[in-house]
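Contents: one structure, followed by commentary.
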Amino acid sequence: MNNRPNLALLALGMLFMACLLGSNIIAVKLINFGSWVISAGILMYPLTFLFTDTISEIFGRRQATFVVWFGFFGNVLLVVVIYFAGIIPAPVFWEGQEAYNTILGAVPV
Numbered sequence: 025m026n027n028r029p030n031l032a033l034l035a036l037g038m039l040f041m042a043c044l045l046g047s048n049i050i051a052v053k054l055i056n057f058g059s060w061v062i063s064a065g066i067l068m069y070p071l072t073f074l075f076t077d078t079i080s081e082i083f084g085r086r087q088a089t090f091v092v093w094f095g096f097f098g099n100v101l102l103v104v105v106i107y108f109a110g111i112i113p114a115p116v117f118w119e120g121q122e123a124y125n126t127i128l129g130a131v132p133v
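When the count follows the working numbering, it moves up by one through the sequence shown with no breaks and lands on 133 for the last residue.
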């Protein structure tokens with residue numbers, strides 16, 4: 025039994041998920057691009073199209089759609105976890121709560 029196609033699909037799906045979630049997390053960071061100010065998320069997000077197109081070409085549209093739906097649900101899960109982590113009381117000695125809320129509290133849904 026050859027598992028290479030399954031491993032390739034898994035790897036491409038994981039890369040898609042990493043780029044999708046990563047681009048949403050770094051979207052709050054603004055960067056200079058020449059004379060423009062853009063979101064840093066724009067650097068990773070186009071890679072999601074590369075991975076879904078590759079999955080669609082090799083494994084079919086159904087598998088690509090499956091990966092995209094899992095990406096959507098993974099993103100929702102990430103936002104929920106970030107939200108609840110932000111409202112759980114932090115230890116009194118930890119000075120990072122305000123920074124956490126400022127940065128990760130702005131992560132787009």
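Backbone N, C-alpha and C define an ideal beta-carbon position, used for all residues, glycine too. This one's a predicted model, so the numbers in the text were calculated from it and none came from an experiment.
Go through its chain and collect everything with a Cβ distance to residue i's Cβ below 6 Å, but skip five positions before and after it.
i: L54; result: V61
i: S80; result: A88
Would you kindly work out how many angstroms separate the C-alpha atoms of residue i and residue j, rounded to a whole number?
i: M25; j: A51; result: Residue placement at M25 cannot be trusted, given a pLDDT of 48 that sits under 50; what the coordinates show is reported in the next sentence. So the two alpha carbons sit approximately 42 Å from each other.
i: M68; j: L39; result: 11 Å
i: S59; j: S47; result: 22 Å
i: L74; j: I106; result: 27 Å
Would you decide whether residue i is buried or exposed? Buried here means 16 or more other CB atoms lie within 10 Å of its CB.
i: F108; result: exposed
i: F96; result: exposed
i: G37; result: buried
i: V91; result: buried
i: L45; result: buried
i: T126; result: exposed
Among residues of its own chain, excluding the 5 on either side of residue i, which ones have a beta-carbon nearer than 8 Å to its beta-carbon?
i: R86; result: none
Whose C-beta lies closer than 7 Å to the C-beta of residue i among residues of the same chain, with five residues either side of it excluded?
i: T78; result: L36
The region 110-122 contacting the region 63-76, beta-carbon criterion three pairs below 8 Å: They do not touch, by the three-pair rule.
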